[in-house]
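K.L.:
Here you go, one structure.
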Amino acid sequence: MRRFILGAALALGCAMPAVAADAEDAAIVAQIERFFGAMRAQDTATLKAILVDDAALTAQRVRPEGVQLRRYVGREWADSVGGQPGLDERVWDPLVMRRGPMAVVWAPYEFRLNGKTTHCGIDVFDMVKIEGAWRIAHLMWTQEPDGCAELKAPPKKR
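Under mature numbering (1 follows the signal peptide of the UniProt record, and there is no 0), the residues of the sequence shown are numbered -20 to -1, 1 to 138, in order.
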């Protein structure tokens, strides 16, 4: 009986980090979902609360003539969202990589303006955990007007 209890305790102890990792990953993804919910609601206060003070955003627009980069200061970008109704971005299949208080999330997304899809792409979030909350330090994304079919296709088996 003693061996059984010891074995069960060890098994439970080994299982706990996996559960915590899943819960932590879920908290990161929930914060990203909260970010997009605030964008839809034009809630600049919540957007700024999720972004670190000196957060940067980088857009990579895919054009026939090449890729164009555009950089934004996070707080200024959040202010600009306040005057833009109809923004709707949704991610799926996020891949979370985390070490301690640092995480990177890679996820395909679809962007809609007033209900119409304008493009899809990949979002890459650099996240940091500050005072118990996950916040965005940098957000980078591609804007691919012709990328939706490929990004929405079922993943290929490796």
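Think of the CB as a built atom: it goes at the ideal place given N, C-alpha and C, for glycine as much as any other residue.
#1: Could you tell me which residues DSSP pairs with Val53 in its beta bridges?
#2: Taking Cβ to Cβ, would you say Glu124 is nearer than 8 angstroms to Val71?
#3: Have a look at Ala36 and Tyr52 and give me their C-alpha separation to the nearest angstrom.
#4: For Val47, count neighbouring Cβ atoms within 10 angstroms of its own Cβ and tell me buried if that reaches 16, exposed if not.
#5: The beta strand (DSSP E) spanning Ala133 covers which residue range?
#6: Once DSSP output is grouped into helix, strand and coil, what is the label at Met120?
#7: Could you tell me the alpha carbon to alpha carbon distance between Met107 and Ala18, rounded to whole angstroms?
P.N.:
According to the structure shown:
#1: DSSP output for Val53 lists Ala36 as bridge partner(s).
#2: no
#3: 6 angstroms
#4: exposed
#5: Unbroken run through Ala133: none, as it is neither H nor E.
#6: strand
#7: 17 angstroms
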